[in-house]
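>
In this note's numbering, the protein residues as written are 18 to 146.
1) Does the segment 66-80 come into contact with the segment 47-58, if we say contact requires no fewer than three beta-carbon pairs (one atom in each stretch) closer than 8 Å?
2) Tell me which residue opens and which closes the beta strand (DSSP E) that residue 113 is part of.
3) Consult DSSP for residue 33 and reduce its assignment to one of helix, strand or coil.
4) Mark residue 81 as exposed unless 16 or more other C-beta atoms lie within 10 angstroms of its C-beta, in which case mark it buried.
5) Taking 9 Å as the cut-off, decide whether the C-beta atoms of residue 133 and residue 66 are in contact.
6) Where do the ends of the beta strand (DSSP E) carrying residue 40 lie?
7) Pick from 32, 54, 28: whose alpha carbon is nearest that of residue 121?
Structural data, given as structure tokens:
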């Protein structure tokens with residue numbers, strides 16, 4: 018039995034299959050469903066868990082070389098929210114692009130973790146290092 022680290026078997030399985038330069042998505046509760054992308058849905062109630070909580074949980078054992086977010090994230094959220102995300106991604110190059118372009122990355126992902134985050138456009142695409 019696992020005693021620490023990621024306890025969710027679906028997330029453990031997904032993370033173990035991500036290789037160098039593969040993509041992983043951490044999405045908010047409103048992100049569209051992608052039938053061709055394996056999805057581990059861990060949403061419970063509003064904001065449990067959040068994208069940043071999932072990111073914090075996986076960062077200790079998941080090497081991220083690059084991250085992408087939708088440009089709309091910066092337009093729809095406060096500076097405080099923006100600061101929380103940039104702090105959580107500290108040390109990881111972060112690029113912003115229009116949401117329509119951002120979504121083109123999703124079919125290339127190994128999988129998607131859906132959270133219950135209510136922050137608008139709080140979705141991340143992470144490229145493994």
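Backbone N, C-alpha and C define an ideal beta-carbon position, used for all residues, glycine too. Keep in mind it's a predicted model, so treat the numbers as computed, not measured.
To lay it out plainly:
1) no
2) Residue numbering aside, residue 113 sits at position 96 when the chain shown is read from its first letter. Its beta strand (DSSP E) spans residues 111-114.
3) To locate residue 33, count along the chain shown from 1; it is residue 16. It is helical.
4) In the chain shown, counting from the first residue as 1, residue 81 sits at position 64. With 16 or more other Cβ atoms within 10 Å, it is buried.
5) Start at 1 with the first residue of the chain shown, and residue 133 comes out as number 116. Start at 1 with the first residue of the chain shown, and residue 66 comes out as number 49. Cβ distance < 9 Å, so residue 133 and residue 66 count as in contact.
6) Sequence index remark: in the chain shown, residue 40 carries index 23 (1-based). In the DSSP assignment, residue 40 falls within the beta strand (DSSP E) that extends over 40-44.
7) Counted from its first residue, the chain shown places residue 121 at position 104. Closest by alpha carbon: 54.
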